[in-house]
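Participant: Mind having a look at this structure? Questions to follow.
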Amino acid sequence: MKKEKAKVENQNTTEKESAANKTDEILEQKMAKKKVPKQVSQEILKKIFKNLILAIVVMIYFISCNIVYTQLEWEQMELITKAISGVFLLASIISLEFAYKRDSGTLTMTAIELLVLAVHALFIDHVVTIYQFDFRTYLVTSSYMFAIYYVLKSAVIYTRARMKYLKSLSDISEIVKDEPVIKEAKKRKEEPVVDKEEKKEENQNETKKSEKEKNTESKQKKKQTSKKKGKVKEEKEIAKKEIQEKEKTIETNNKEEKNEKQKVSKTKKKMKQNKEEKQEESKSEQQNEVKEEKKSNKEEVIEEVKKQPKSKKKKRKN
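Written as structure tokens, this is what we have:
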């Protein structure tokens, strides 16, 4: 019995794989018939346009190298190729860092392409001197190779983008994965014959298990959706409470500022009053001091007059 169960499971897995392959074939047939909407086609064209821009830049590089080779000597050309290889290598390192940070595959591909160009530019002199190739013919052939590569790359980008779009629309692969494939084991002369009732019971048990798994998955999905809704409501309530608390704090701060301003204004008024009172007191004290000085001066004058002896009367003339 155990051997037969294992065989049935192996057959089920093989049939699932064949069904998945059939779905891929169906999608490929749909690709030829179905049209892609404008938005998706525009995104695909943007990717292809970026790829073609890189191809144009590479072709310009090779053409400029051919033009410079006709006008300069070989030693100068060696220095230029080494400098160009260094520039390509630096650009590849920078693009690899950006690809690692953003986790993007397109940037990694461009980094690899720049690294290949750097290696090509560095080994031009070595290849030309050892294999005795003509410099211009070598550059022309390499430019053709890179152009073919970029054309193939754009075709691959287009096909992969369309396949992704069609897979997002079709639910055939998910249905095939979910449906359990049940098949009886083939009878052989060497193996013992299994009763039909036992096979029916096994098939029923497997169908029940699959139904239970589907029910549990649906329940889990419902629970997840309910939990998400509850979380959203709680987040909204928390946000409302935070807004209310912020408004209360703003109102209290405004009230405290008003009270502080009133206190400051009252203290300023009191300071002014105190200053005015002090000034009046100082004026009164000055006036009193002046009066007292005048009195003291008068008294001193009177005392001096008293102290002086009385002047004798002048004698009358005879």
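Just so we're on the same page, the numbering used here is the position in the sequence shown counted from 1, plus 1131. Ideal placement from N, C-alpha and C gives every residue a C-beta, glycine not left out.
Does R1233 pass the burial test, meaning 16 or more other C-beta atoms within 10 Å, or should it be called exposed?
Facilitator: Taking the sequence shown and counting its residues from 1, the one referred to as residue 1233 is at position 102. Answer is exposed; the Cβ neighbour count stays below 16.
Participant: Assign L1210 to buried or exposed, taking buried as 16 or more other Cβ atoms, counted over all protein chains shown, within 10 Å of its Cβ.
Facilitator: Start at 1 with the first residue of the sequence shown, and residue 1210 comes out as number 79. Result: exposed.
Participant: For S1304 and I1175, what's the separation of their Cα atoms in angstroms?
Facilitator: As a first step, residue 1304 must be located in the sequence shown, where it is residue number 173. As a first step, residue 1175 must be located in the sequence shown, where it is residue number 44. Note on S1304: pLDDT 49, under 50, position unreliable in the model; no value is reported.
Participant: For I1224, which of Q1207, I1243 and F1193 has the nearest alpha-carbon?
Facilitator: Counting from 1 along the sequence shown, the entry for residue 1224 is found at position 93. When each option's Cα is compared against that of I1224, the closest is I1243.
Participant: Taking the beta carbon of N1182 as the centre, do at least 16 other beta carbons fall within 10 Å, making it buried, or is it exposed?
Facilitator: Here residue 1182 refers to the residue found at position 51 when the sequence shown is read from its first residue. Result: buried.
Participant: Using three-state DSSP, classify E1172 as helix, strand or coil.
Facilitator: On the sequence shown, residue 1172 is found 41 positions in, with the first residue counted as 1. The question names Glu, but residue 1172 is Ser in the sequence shown. It is helical.
Participant: Count the C-beta pairs between the segment 1214 to 1222 and the segment 1250 to 1269 that are closer than 8 Å, then say yes if the count reaches three, no if not.
Facilitator: Segments in contact, yes.
Participant: I need the straight-line Cα distance from E1204 to V1282, nearest angstrom please.
Facilitator: In the sequence shown, residue 1204 corresponds to position 73, counting from 1. In the sequence shown, residue 1282 corresponds to position 151, counting from 1. Cα-Cα distance, rounded: 34 Å.
Participant: State the Cα-Cα distance for the pair E1315 and T1338, rounded to the nearest angstrom.
Facilitator: As a working note, residue 1315 is residue 184 in the sequence shown. As a working note, residue 1338 is residue 207 in the sequence shown. Any reading at E1315 must be qualified, since the residue scores a pLDDT of 46, below 50, and its modelled position is unreliable; the value itself is stated next. Near 14 Å, if we compare the C-alpha coordinates of T1338 and E1315.
Participant: Identify whether E1455 lies in helix, strand or coil by the three-state DSSP scheme.
Facilitator: Nothing about residue 1455 can be reported from this structure: the residues present for the chain run from 1132 to 1449 only.
Participant: Does the beta carbon of D1234 sit closer than 9 Å to a beta carbon anywhere in chain B?
Facilitator: The structure shown contains no chain B, having only a single protein chain.
Participant: If you follow the alpha helix (DSSP H) that F1277 is part of, which residue opens it and which one closes it?
Facilitator: As a first step, residue 1277 is located in the sequence shown; it is residue number 146 there, counting from the start. Per DSSP, F1277 belongs to the alpha helix (DSSP H) from F1266 to L1300.
Participant: Using 10 angstroms around the beta-carbon of R1291, count the other beta-carbons present and answer buried if the total reaches 16, otherwise exposed.
Facilitator: Position 160 of the sequence shown holds residue 1291. That one is exposed.
Participant: Would you check if the segment 1188 to 1201 and the segment 1273 to 1287 touch, i.e. whether three or more CB-CB distances between them fall below 8 Å?
Facilitator: The segment 1273 to 1287, when compared against the segment 1188 to 1201, does touch it at the 8 Å Cβ threshold.
Participant: Using the C-alpha atoms, what's the distance from K1350 back to D1309?
Facilitator: As a first step, residue 1309 must be located in the sequence shown, where it is residue number 178. As a first step, residue 1350 must be located in the sequence shown, where it is residue number 219. At D1309 the pLDDT is 49, less than 50, meaning the model places this residue with poor confidence; the figure from the coordinates comes in the next sentence. When rounded, the distance between both Cα atoms is 16 Å.
Participant: Please identify the residue among Y1231, Q1173 and L1220 whose C-alpha is closest to the C-alpha of V1247.
Facilitator: The residue labelled residue 1247 in the question sits at position 116 within the sequence shown. Per the Cα distances, L1220.
Participant: CA-CA distance, E1382 and K1399?
Facilitator: Locating residue 1382 in the sequence shown gives position 251, where the first residue counts as 1. Locating residue 1399 in the sequence shown gives position 268, where the first residue counts as 1. Using only the alpha carbons, I get a separation of about 26 Å.
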